[in-house]
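Here is the structure we will look at.
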Amino acid sequence: MGNEALSAEVDLSHVDYPAVQQSPEFQELRKTHRSFVFPVLAACLVWYFAYVLLAVYAVDFMSTRVFGSVNVAMVLGLAQVVTTFAVTMWYVHYANKRLDPQSEKIRTEIESGDFETEKAVR
Amino acid sequence: MFAFEAATSSPGNPWLNIGIFGAFVAVTMVIVFRASRNNKTAADYYAAGRSFTGGQNGSAIAGDYLSAASFLGIVGAIALNGYDGFLYSIGFLVAWLVALLLVAELLRNTGKFTMADVLSFRLKQRPVRIAAATTTLVVCFFYLLAQMAGAGGLVSLLLGVGDQVGQAVVITVVGALMILYVLVGGMKGTTWVQIIKAVLLIAGAGVMTVWVLALNGFDFSALLDKAVAVAENPAILDPGLKYGVSEVSKIDFMSLGLALVLGTAALPHVLMRFYTVPTAKEARKSVVWAIWLIGIFYVFTLVLGYGAAALVGPAVIAGAPGGPNSAAPLLAFALGGPLLLGLISAIAFATILAVVAGLTITAAASFAHDIYASVVKKGKPEPGAEVKVARRTVVIIGVVAIIGGIGANGQNVAFLVALAFAVAASANLPTIVYSLFWKGFTTKGALWSMYGGLISAIVLIIFSPVVSGSETSMLKTEAIDFAIFPLSNPGIVSIPLAFLLGWIVSVMDKTVESPEKQAEMEVRSLTGLGAEKAVSH
């Protein structure tokens, strides 16, 4: 669970942030975060704009009936909802498994003064 | 089929509507009073002591986000314009992925009360704070106007108050109630109002959805056939009825789509909600809850929109007082008579009330925290002074909203909301993204991006067909025409422009922003180190 367990205010004035930023642990966390959110968000936006472009410029295709009176446009619209839900759950899973342990480790180590970089804590 | 009598009178029973709404106000008032006993510090007043859970905050976000424009506007748009109305729903929902993946947790970790806290974290405090507070106030103002204008239109239908003076009185009552909620309850009270409203709205829409489907033997295709038969137009099932008419309208739609999908993660009143939870992890949970609730609700709008077309009929809706906004209430009447109409009307009012309250507290917090405490008092206000200023600002904003709402009564609500989204996406989003993810971003770049985005969006709106040039424009006449910009939404121009300005100016800027501050911001944003804690009482 996040950082609510920490009760007492920790003095952070001694933390050398540039050194923490340069540390391999933090660089790894940064990479873990960015390598997920950037490509996934880019893919979602491309998929969304593909849908918008189809709705505007491929009306005949979107009007094709799939079953009964339900057409491609409605199926794709609901598919947008489904992918939004799916990406949400995927990110939560990824964050719980990959991001939280890394960030929690760095945070607790700095707060307890054990963070090991050359001079992260002076 | 239901035949409605004279279009000027309410189809339901106005006193029943008022009674149900009164009951909602009474119940929420009691809850607000009980919840607000601990409002002492600024963290209590602006951020509810950061004590809400992810689930509670997620419901409140849904309550904040599903405004009257979403409920009344989208259902009406689908009933009249068919599939094109549903495109709004999709844009409003997909937009949440930007908030979830890029903004929510990092913002919770680095800020305190307002959006400006984050934007000015590693840049020069004063100018960036003033710019961020300005864009916050402008976005909140447009959003407020839209909600208050919507209140006027709704009233004419629900309470049978047709004349301008009567509607002005109702707008004043809604505004006064909102001031009371926010003054007494602060963020905690506002949050509870939003939670209650979200539950009622989603439950109400859910019941109506199941009801509509049940009437058609749970066969969605049969419902569509019926809608086509009543509308006498098979094109309502296909995209393009509204936005496919010309090349300009097609580009206009893409502009709207861009503003919708990028605006959400830059709306100040949505961002501020992330500070009401104790940790970044709870902020993440709030967004997940919000996405589920909002997504399910928008699926309902598809059924409700075609349901209104099938059971009420586009012609009746277009002719009713309140126009397209009356589709959802009229559908409620067709389904469950005066009682369901009364319930749905009360929910619609509650919707306006809750959203307006959320906007007001955001604007007040931004003024008191960013302008008064940080700029005027240079970060050292006397104890208690900041909250006092915030409370006074609430009253002023409330009065301005009432006057603006009376003035904007009858204006196109969807236009004002889309404008708020476009302004937010242009003025705020580039700076939020750059300051969180790009080391080379500078103060000058932030100022150019924010003011450039804000001014270009507003100037393009002024010279757009929405303001002048036609009977349906704000000026309501063809005689005055200075609509030299063809699109009604500026997003496709102003959003890329703001991103470009922020990038070019930062690259050309020779000043170097503090690398220590940048390091601190990045470390804190990803690890939650030193993040503001929950207040314990």
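Taken in sequence, the protein lines are chains B and U. Residue 22 is where the first sequence starts when you use the working numbering, and the numbers rise one by one after that. Residue -13 is where the second sequence starts when you use the working numbering, and the numbers rise one by one after that. Each residue gets a CB set at the ideal place from its N, CA and C atoms; glycine is no exception. Source: prediction; values computed, not measured.
Quiz item: Residue ranges of each alpha helix (DSSP H) run of no fewer than 4 residues wholly in the stretch 363 to 445 of chain U, ordered along the chain?
Solution: 371 to 394, 399 to 413 and 415 to 423
Exercise. Please classify U/R108: does DSSP put it in a helix, a strand, or coil?
Key: Here residue 108 of chain U refers to the residue found at position 122 when the second sequence is read from its first residue. Looking at U/R108 - three-state DSSP - the assignment turns out to be coil, as it is neither helix nor strand.
Self-check item: Where B/V36 sits in the DSSP three-state scheme
Solution: Here residue 36 of chain B refers to the residue found at position 15 of the first sequence. B/V36 falls in the strand class under three-state DSSP.
Self-check item: U/W178 to U/V124 span [Cα, whole Å]
Solution: On the second sequence, position 192 is the one that residue 178 of chain U refers to. On the second sequence, position 138 is the one that residue 124 of chain U refers to. Answer to the nearest angstrom: the Cα atoms are 26 Å apart.
Quiz item: Cα separation between U/A85 and U/A387?
Solution: As a position in the second sequence, residue 85 of chain U is number 99, starting the count at 1. As a position in the second sequence, residue 387 of chain U is number 401, starting the count at 1. C-alpha separation (whole angstroms): 27 Å.
Self-check item: chain B contact for U/V521 (CB, 8 Å cutoff)
Solution: Counting from 1 along the second sequence, the entry for residue 521 of chain U is found at position 535. U/V521 does not count as touching chain B.
Practice problem: Could you please give the first and the last residue of the uninterrupted alpha helix (DSSP H) stretch that includes U/V521? | Solution: One-based indexing of the second sequence puts residue 521 of chain U at position 535. It is not in any alpha helix (DSSP H) - U/V521 carries neither H nor E in the DSSP assignment.
Self-check item: Contact under 8 Å by Cβ, U/G62 with U/I303
Solution: Residue 62 of chain U sits at position 76 when you count from the first residue of the second sequence. Residue 303 of chain U sits at position 317 when you count from the first residue of the second sequence. The answer is yes: Cβ separation under 8 Å.
Quiz item: Given U/G516, which residues of its chain have a CB within under 8 Å of its CB, disregarding the five upstream and five downstream residues?
Solution: Here the question's residue 516 of chain U lines up with position 530 in the second sequence. Hits under 8 Å: R510.
Practice problem: Closer than 9 Å, Cβ to Cβ, to anything on chain B: give me those residues from the stretch 270 to 287 of chain U, in chain order. | Solution: R270, K271, V273, V274, I277, W278, G281, I282, Y284 and V285
Quiz item: Using a beta-carbon distance below 8 Å, is B/V142 in contact with chain U?
Solution: For the purposes of this step, residue 142 of chain B is taken as residue 121 along the first sequence, with counting starting at 1. With a pLDDT of 47 at B/V142, under the threshold of 50, the modelled position of that residue is not reliable, and the figure given next carries that caveat. It does not: the Cβ of B/V142 has no partner Cβ on chain U nearer than 8 Å.
Quiz item: U/I357 and U/A119 look like a contact to me (Cβ under 8 Å); what is the Cβ gap, rounded to whole Å?
Solution: Walking along the second sequence from the start, residue 357 of chain U turns up at place 371. Walking along the second sequence from the start, residue 119 of chain U turns up at place 133. Contact flag correct, Cβ pair sits at about 5 Å.
Quiz item: Quick one: what's got a C-beta closer than 8 Å to U/I157's C-beta in the same chain, skipping five residues either side?
Solution: If you number the second sequence from 1, residue 157 of chain U lands on position 171. Within the same chain, U/I157 has close Cβ partners M134, A137, G138, V141, I388, G391, I392 and N395.
Quiz item: Thinking C-alpha only, which one of U/Q180, U/F468 and U/A12 is nearest U/F38?
Solution: Within the second sequence, numbered from 1, the residue matching residue 38 of chain U stands at position 52. Answer by Cα proximity: U/Q180.
Practice problem: Could you list which residues in chain B have their beta carbon closer than 8 Å to that of U/I76, in chain order? | Solution: Position 90 of the second sequence holds residue 76 of chain U. Correct list: Y69, Y72, G98, Q101 and V102.
Quiz item: From U/S352 to B/G98, what distance separates their C-alpha atoms?
Solution: Reading the second sequence from its first residue, position 366 is the one you call residue 352 of chain U. Reading the first sequence from its first residue, position 77 is the one you call residue 98 of chain B. Near 37 Å, if we compare the C-alpha coordinates of B/G98 and U/S352.
Quiz item: Rounded to a whole number of angstroms, what is the C-alpha to C-alpha distance between B/V67 and U/A484?
Solution: Residue mapping note: residue 67 of chain B aligns to position 46 of the first sequence, counting from 1. Residue mapping note: residue 484 of chain U aligns to position 498 of the second sequence, counting from 1. Cα to Cα, B/V67 sits roughly 20 Å from U/A484.
Self-check item: Per DSSP, the bridge partner or partners of B/N92
Solution: Start at 1 with the first residue of the first sequence, and residue 92 of chain B comes out as number 71. Partner(s): B/R86.
Practice problem: Give a yes or no on whether 8 Å exceeds the smallest Cβ distance from B/F82 to chain U. | Solution: Residue 82 of chain B sits at position 61 when you count from the first residue of the first sequence. Judged by the 8 Å Cβ criterion, B/F82 is not in contact with chain U.
Exercise. Kindly indicate if chain U contains any beta-carbon less than 8 Å away from that of B/G134.
Key: In the first sequence, counting from the first residue as 1, residue 134 of chain B sits at position 113. It does not; no Cβ of chain U falls within 8 Å.
Quiz item: Can you list, in chain order, the residues of its chain whose CB lies under 6 Å from that of U/T513, leaving out five sequence neighbours each side?
Solution: Position 527 of the second sequence holds residue 513 of chain U. Answer for U/T513: no residue qualifies.
Practice problem: Run down chain B in chain order and give the residues with a C-beta less than 9 Å from the C-beta of U/G323. | Solution: Within the second sequence, numbered from 1, the residue matching residue 323 of chain U stands at position 337. The premise fails here: U/G323 is roughly 29 Å from chain B at the closest Cβ pair, so nothing lies under 9 Å.
Quiz item: In chain order, what residues of the stretch 477 to 488 of chain U put their CB closer than 9 Å to some CB of chain B?
Solution: none
Practice problem: Work out the CA separation of U/T262 and U/G35 for me, nearest whole Å. | Solution: As a position in the second sequence, residue 35 of chain U is number 49, starting the count at 1. As a position in the second sequence, residue 262 of chain U is number 276, starting the count at 1. The straight-line gap from Cα to Cα measures roughly 7 Å.
Quiz prompt | Endpoints, the alpha helix (DSSP H) within which U/F19 is located | solution = To locate residue 19 of chain U, count along the second sequence from 1; it is residue 33. Run containing U/F19: P0 to A21, per the alpha helix (DSSP H) assignment.
Exercise. Pick out whichever of U/I64, U/G77, U/I444 and U/E91 has its Cα sitting closest to the Cα of U/A260.
Key: For the purposes of this step, residue 260 of chain U is taken as residue 274 along the second sequence, with counting starting at 1. In the sequence as displayed, the identity of residue 260 of chain U is Phe instead of Ala. Out of U/I64, U/G77, U/I444 and U/E91, U/E91 has the C-alpha closest to the C-alpha of U/F260.
Self-check item: CA nearest to the CA of U/A413, picked from U/E233, U/F423, U/V445 and U/E499
Solution: Position 427 of the second sequence, counted from the start, is the residue given in the question as residue 413 of chain U. Ranking the options by Cα distance to U/A413, first place goes to U/V445.
Exercise. Decide if U/A359 is buried, meaning its Cβ has at least 16 other Cβ atoms within 10 Å, or exposed.
Key: Counted from its first residue, the second sequence places residue 359 of chain U at position 373. So U/A359 ends up on the buried side.
Quiz prompt | Under 9 Å by beta carbon: chain U residues contacting B/Y112 | solution = Within the first sequence, numbered from 1, the residue matching residue 112 of chain B stands at position 91. Chain U residues near B/Y112: L83, L86, L87, R270 and V274.
Quiz item: What residues from chain B crowd round U/A471, counting only those whose CB sits closer than 7 Å?
Solution: By one-based count along the second sequence, residue 471 of chain U stands at place 485. As written in the sequence, residue 471 of chain U is Phe, which differs from the Ala given in the question. The contacting residues do not exist; U/F471 stays about 20 Å from chain B at best.
Exercise. Specify the secondary structure class of U/S312 as computed by DSSP and reduced to three states.
Key: Here residue 312 of chain U is taken as the residue at index 326 of the second sequence, counted from 1. Three-state result, U/S312: helix.
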